[in-house]
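Enquirer: Following this message is one structure expressed as C-alpha cells.
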Ligand code: NAD
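Numbering (the UniProt record's numbering), first residue to last: 3 to 277.
This is the structure we're talking about:
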C-alpha cells in the first residue's frame with residue numbers, strides 16, 4: 003500500500019498521511035506544496051492563520067491534479083468566531099484557495115473564554131448541509147467542548163485535530179472520540195522538533211530494527227494508533243520520507259514501548275487558555 007484512508011462521519015474519507023504547512027513562509031509555500039504533491043501527498047492541511055492559503059491554492063492549480071483527488075483542509079481563524087464573521091471568513095478561504103468546496107473545515111481553537119464555539123459550529127453545519135464543506139470538524143477541542151457540541155448541536159464533528167506525539171498521547175481524548183466516531187488527527191506529530199523525540203531509546207531501537215528513520219517510526223506509531231498525521235517539512239526528501247511509512251509495521255512490543263513514553267506533557271498551547 004502507498005496510502006491508507008480513514009472514513010469520516012460524512013460521506014468522504016481522509017488520507018491518513020497529509021502534509022501540513024504551518025510556518026511555511028508564503029513565498030515558499032507554492033514550491034513546497036508542489037513538491038509535496040509531486041512526492042505523492044494528496045491531503046494538504048492549512049489554516050487562514052498560516053497566511054498561505056493563496057499560495058496553497060496556486061500549487062493546487064499548478065499541479066493539474068484533478069480536484070477530487072486532493073483532500074484540502076483549512077481552519078477558521080480565532081478572530082472570526084463572531085456569528086456574523088464566520089460565513090465571510092469561510093468564503094474568503096475558498097476564494098484564496100481557488101476552490102468551490104473544502105474537504106474539511108475546522109474551528110481552529112475553541113477559545114472557551116469567548117464562549118462562541120457552539121454558535122460558530124451551527125454556522126459550520128450550514129456549510130456541510132449545502133456541500134461547500136464535505137466534512138466539518140474542530141481543532142484543539144477538549145472533552146468538555148466536544149460534549150457541548152454533542153449536546154447542543156446536530157452534526158458530530160468528523161475530526162478533532164489536536165497536539166499529539168509520543169510524550170503527549172491524548173489517551174482519554176482519543177478514547178472519547180473513538181466512542182463518538184470522531185477521527186483523531188495529530189498536529190505536531192513529530193513533536194514540532196521541540197524535544198529530542200528521535201533520540202528516545204524505543205524509537206531508535208525500532209528504527210534500527212526496521213532500517214528506517216526515527217521520524218518514520220514515530221509516524222508509523224501514529225498510523226497504527228489510528229491517528230491521521232500531517233507532518234511538515236520544507237525539504238522534498240523529508241516529505242518523501244514521511245510519506246514512505248506503509249512498507250513496514252511495528253510489532254506489539256515496539257508499539258508498547260512507544261506507548262510507555264507518554265508523559266501527558268504538551269509542547270504547544272493549552273486550548274483552555276489560547277485566545
Ligand atoms: P511537526 O511535528 O510536523 O514537526 C515539523 C518539524 O519537524 C519540521 O519543521 C522539521 O524540522 C522536522 N521534520 C519533519 N520531518 C522530519 C524528518 N523526516 N526528519 C527529521 N525532522 C523532520 O510540527 P508542525 O508542523 O507544527 O505540525 C504539523 C502540521 O500540523 C502543521 O504544519 C499544521 O498543518 C498542523 N498544526 C495544527 C495546529 C492546530 O492548532 N490545529 C497547530 C500546529 C500545527
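We put the beta carbon where it would ideally sit given N, CA and C, even for glycine.
1. Mind checking whether the beta-carbon of residue 23 lies closer than 8 Å to any heavy atom of the ligand NAD?
2. Can you check which of these residues, 166, 148 and 167, is closest to residue 158 by C-alpha distance?
3. Is there at least one non-hydrogen atom of the ligand NAD closer than 8 Å to the beta-carbon of residue 280?
4. Could you check the C-alpha separation between residue 255 and residue 249 for me, to the nearest Å?
5. Measuring straight from C-alpha to C-alpha, what distance separates residue 51 and residue 36?
6. Is the beta carbon of residue 268 closer than 9 Å to that of residue 178?
7. Is there at least one non-hydrogen atom of the ligand NAD closer than 8 Å to the beta-carbon of residue 121?
8. Quick one: any contact between the stretch 173-193 and the stretch 225-233, if contact means 3 or more CB pairs under 8 Å?
9. Please report the distance separating the alpha-carbon of residue 86 from that of residue 259.
10. DSSP puts residue 167 in a beta bridge; with which residues?
11. Does the separation of the CB atoms of residue 137 and residue 11 fall below 9 Å?
12. Compute every distance between the C-beta of residue 143 and the non-hydrogen atoms of the ligand NAD, then say whether any falls below 8 Å.
Expert: Taking the definition as stated:
1. Checking the Cβ of residue 23 against the ligand NAD gives yes.
2. Taking only the C-alpha atoms, the option nearest residue 158 is 148.
3. A query on residue 280 cannot be resolved here, the shown segment of the chain reaching from 3 to 277 and no further.
4. Spanning the alpha carbons of residue 255 and residue 249 requires a straight line of approximately 18 Å.
5. C-alpha separation (whole angstroms): 20 Å.
6. No, the Cβ-Cβ distance between residue 178 and residue 268 is not below 9 Å.
7. For residue 121, the distance from the CB to the nearest heavy atom of the ligand NAD is not below 8 Å.
8. Yes: at least three Cβ pairs fall under 8 Å.
9. When rounded, the distance between both Cα atoms is 49 Å.
10. Residue pairing by DSSP puts residue 167 in a beta bridge opposite 170.
11. Their beta carbons are under 9 Å apart, which means residue 137 touches residue 11 by this criterion.
12. Incorrect: residue 143 has no Cβ contact closer than 8 Å to the ligand NAD.
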